[in-house]
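Colleague:
Number of protein chains: 2
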Amino acid sequence: MKTIKIGLLGLGNIGTGSYRTLEMNRDSIASSSGIDLRITKILEKDILRKRDITVSPEQFTQDPAEIFTDPEIDIVIELLGGIEPATAFMLEAMRNGKSVVTANKAAVAANYALLTSTAKENDVSFRFEASVGGGIPVLNAITTVLQANKFEEILGILNGTTNYILTQMTEYGLDYEDVLKVAQEKGFAEADPTADVEGEDVANKLSILTALAFGKYIPPKEISTVGITGITKADIESAGKNECKIKLIAQTKKTSSGVVDCSVKPMEIPEDHPLAGVNNEFNAIFIRGNAVGELMFYGKGAGPMPTGSAIMGDVLEIARILTAHRN
Amino acid sequence: MKTIKIGLLGLGNIGTGSYRTLEMNRDSIASSSGIDLRITKILEKDILRKRDITVSPEQFTQDPAEIFTDPEIDIVIELLGGIEPATAFMLEAMRNGKSVVTANKAAVAANYALLTSTAKENDVSFRFEASVGGGIPVLNAITTVLQANKFEEILGILNGTTNYILTQMTEYGLDYEDVLKVAQEKGFAEADPTADVEGEDVANKLSILTALAFGKYIPPKEISTVGITGITKADIESAGKNECKIKLIAQTKKTSSGVVDCSVKPMEIPEDHPLAGVNNEFNAIFIRGNAVGELMFYGKGAGPMPTGSAIMGDVLEIARILTAHRN
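Taken in sequence, the protein lines are chains A and B. Yeah, the first sequence ends on 551 if you go by this note's numbering, and it's all consecutive. Yeah, the second sequence ends on 551 if you go by this note's numbering, and it's all consecutive.
In structure tokens:
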């Protein structure tokens, strides 16, 4: 058995989900990979919160440098959220020879070029599967099994909050404001839902998907983005008359002149399209490649455990490379 | 630019689709990977068939040993189909230090243990993404991004012919025999449809999926398998009254006592389940993992180009490893 030590930045909901995924499946991970993954240091201020996982007080630190300069730590998981200081921390970790795994779509989308080039310069891995579609394994598919394709189009339902709101408006004939209130009460929408309902979160994810599938990084600020706040009961009824459902769609396609064109906006999707059946908090990514044809990935696009699944999958991929080299 | 030379066993429909995928996307593959993939030798008797690809006569050989003993060839793609001589050829290639990529579900399912152990002993890669779900990237997802999960259940629609027949019976209220005849005329079913309609093809794929997801190899012969030949118009109507659709489902689940239980049989799937909307020649794999929750992969489970996409994706994954080591 080989041991890989990990530093974790942030033990909030997603950090706790990642930690629990490892705790829950440590035995099967070890037996299938021969690797013992250990989260040895955690950067987190709130050390008293009840989390229902086994963490000892000495695992916590308040000093990120303690993680970056620890020669025993090979992989840093960044789950602080937000662009800074997350980006600075990821860069610092890479410069200290650590591979980095993150779920942070805002930071990856804002600083994609800098993060990927810094990883390359320092010969470390940088993985961010969890940043798009939570537990849905779409980024790795694009860069591995599907890499022999030229991609023609990607259509995504990439935000659970807005898809929940649109689904409820459609199913019960309700107004936007009424559904938003219920969604906030149920914890499906945040108290300040702006980043979700205005499409910013989706634009971040589309920027990342586009960079991987089309080899072109388009900053989220340059993506034409319309959210769902203007959608009315009447819009949904009118779509229904056209045998369509309204979904908030992230779209990238190649125009006939070869330009990569991105947008985020509510669209009418025909009821017999696979994306029309993606309801409530579920996400899906629909891809057309010139060899594979039409593909769709469907699953939970958020939540501590699905996101933890993708985080620990990325960690294991890196751990396999590191331990193979140490043979 | 680094060059990787490939030997191809079989230039039938799938071989031609794989060759065309490479021909079509050679530029983008080279620019994204820095690797020039070349199929230098092809084992194929029918050298005169019109294939609409650029193959020169000197690429063909009638002697498999010419491929296995060629020191310049690193990867062998096996697309002969059938258990033998495909298995013997794959083993021979591995023993000569070649990595192997195949779409051959019958051979992989029949000889899974021998093929994987021989690859390990000879320190070569053995990949078979295309053997399950054609172009759908499910096997790689299970072994990489999803590897931190314990899988609880897999439900698959893994055969396009039977799904086409059941979909047409459902949509038009037709009898099995009538739809089969039309499917055969349209080329969606073979003249002898036994392997499809009796579920053998699906059992092969389920054996492979189960080995990867549950770490347990169950030979296809030991999987309880019922096909669709007994399904009547009345069965489908009765399912409809229960708000269900009949699908040929490959299922593996862990029982409460931890036993891995496999079966292939027609099942009533509730209309609101994501698998119920998978129609005609499409395939889908629905997975429940203890961290990721519910996931579904959807796409074309067969056909020269979707299968070629998976074949060349596997080839590129191996080529990346080989060229990295030659740095």
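Positions of the beta carbon are idealized from the N, C-alpha and C atoms, including for glycine.
#1: Where DSSP assigns a beta bridge to residue 353 of chain A, which residues make up the other side?
#2: Any beta carbon of chain A sitting closer than 9 angstroms to that of residue 488 of chain B?
#3: Determine, for residue 226 of chain A, whether the minimum Cβ-Cβ distance to residues of chain B falls below 9 angstroms.
#4: Name the residue from B:404, B:436, B:516, B:527 whose alpha carbon lies nearest to the alpha carbon of residue 256 of chain A.
#5: What separation, rounded to the nearest whole angstrom, lies between the Cα atoms of residue 551 of chain A and residue 545 of chain A?
#6: Look at the alpha carbon of residue 415 of chain A and the alpha carbon of residue 409 of chain A, and state the distance between them as a whole number of angstroms.
#7: Within 10 angstroms of its Cβ, does residue 225 of chain A collect 16 or more other Cβ (buried), or is it exposed?
#8: Using a Cβ cut-off of 7 angstroms, which residues of the segment 498 to 523 of chain A contact any Cβ in chain B, in chain order?
#9: Taking CB distances under 9 angstroms as the criterion, tell me whether residue 372 of chain A reaches chain B.
#10: With contact counted as at least three CB pairs below 8 angstroms, one residue from each stretch, are the segment 517 to 533 of chain A and the segment 227 to 234 of chain A in contact?
#11: Under 9 angstroms between C-beta atoms, does residue 353 of chain B make it to chain A?
#12: How about the segment 263 to 272 of chain A and the segment 379 to 394 of chain B: do they share at least three Cβ pairs that are nearer than 8 angstroms?
#13: Between the segment 331 to 360 of chain B and chain A, which residues of the former have a C-beta closer than 7 angstroms to a C-beta of the latter?
#14: Please name the residue in A:465, A:283, A:456 whose C-alpha comes closest to that of residue 494 of chain A.
#15: Beta carbon of residue 528 of chain B, beta carbon of residue 241 of chain B: below 9 angstroms?
#16: Nearest by alpha-carbon distance to residue 352 of chain A: which of A:378, A:540, A:376, A:549 is it?
#17: Cβ closer than 8 angstroms: which chain B residues qualify as neighbours of residue 256 of chain A?
#18: Take every Cβ of the segment 485 to 499 of chain B, pair it with every Cβ of the segment 442 to 455 of chain B, and state whether three or more of those distances are shorter than 8 angstroms.
#19: Does the count of Cβ pairs from the segment 325 to 332 of chain A and the segment 299 to 313 of chain A closer than 8 angstroms reach three?
#20: Does the Cβ of residue 396 of chain B have 16 or more other Cβ atoms within 10 Å, making it buried, or fewer, making it exposed?
#21: Taking the Cβ atom as the reference point for each residue, do residue 333 of chain A and residue 427 of chain A lie within a distance shorter than 9 angstroms?
#22: Whole-angstrom Cβ separation of residue 473 of chain B and residue 379 of chain B, contact assumed at under 8 angstroms?
#23: Given that a residue counts as buried once 16 or more other Cβ atoms are within 10 Å of its Cβ, and exposed if not, what is residue 293 of chain B?
#24: Helix, strand or coil for residue 403 of chain A? Go by DSSP, reduced to three states.
#25: How would you call residue 286 of chain B, buried or exposed, if buried means at least 16 neighbouring beta carbons within 10 angstroms?
#26: On the criterion of 16 or more Cβ atoms from any shown chain inside 10 Å, does residue 483 of chain B qualify as buried, or is it exposed?
#27: Assuming contact is defined by CB atoms lying nearer than 9 angstroms, are residue 318 of chain A and residue 304 of chain A in contact in what I supplied?
#28: Can you give the beta carbon distance from residue 510 of chain A to residue 499 of chain A, rounded, assuming they're within the 8 angstroms contact cut?
#29: Roughly how many angstroms separate the alpha carbons of residue 387 of chain B and residue 503 of chain B, rounded to a whole number?
#30: Strictly under 9 angstroms for the Cβ-Cβ distance: is residue 462 of chain A near chain B by that measure?
#31: Could you check whether the Cβ of residue 480 of chain B sits closer than 9 angstroms to any Cβ belonging to chain A?
#32: Enumerate, from N- to C-terminal direction, the unbroken beta strand (DSSP E) stretches of 3 or more residues contained entirely within the segment 263 to 344 of chain B.
#33: Buried or exposed, going by whether 16 or more other CB atoms sit within 10 Å of the CB of residue 321 of chain A?
#34: Should residue 413 of chain B and residue 389 of chain B be called a contact, given that it needs their Cβ atoms to be closer than 9 angstroms?
#35: Of all the options B:392, B:355, B:248, which has the alpha carbon lying nearest to the alpha carbon of residue 531 of chain B?
Modeller: In brief:
#1: Partner(s): none; residue 353 of chain A has no beta bridge.
#2: Residue 488 of chain B does not count as touching chain A.
#3: No, its Cβ sits nowhere closer than 9 angstroms to a Cβ of chain B.
#4: B:436
#5: Only weak support exists for where residue 551 of chain A lies, its pLDDT of 48 falling under 50; the value from the coordinates is given anyway. Taking C-alpha positions only, residue 551 of chain A is separated from residue 545 of chain A by approximately 10 angstroms.
#6: 9 angstroms
#7: exposed
#8: 498, 501, 513, 514, 515, 516, 517, 518, 519, 520, 521, 522, 523
#9: yes
#10: no
#11: For residue 353 of chain B, at least one C-beta of chain A is nearer than 9 angstroms to its own C-beta.
#12: no
#13: 353, 359, 360
#14: A:465
#15: yes
#16: A:540
#17: 371, 439
#18: yes
#19: yes
#20: exposed
#21: yes
#22: 6 angstroms
#23: With fewer than 16 other Cβ atoms within 10 Å, it is exposed.
#24: helix
#25: Residue burial annotation: residue 286 of chain B is exposed, with fewer than 16 other C-beta atoms found within 10 angstroms of its C-beta.
#26: exposed
#27: no
#28: With 8 angstroms as the limit, residue 510 of chain A and residue 499 of chain A qualify as a contact, their Cβ atoms being about 5 angstroms apart.
#29: 7 angstroms
#30: no
#31: False, the Cβ-Cβ gap to chain A never drops below 9 angstroms.
#32: 297 to 302, 323 to 326
#33: exposed
#34: yes
#35: B:355
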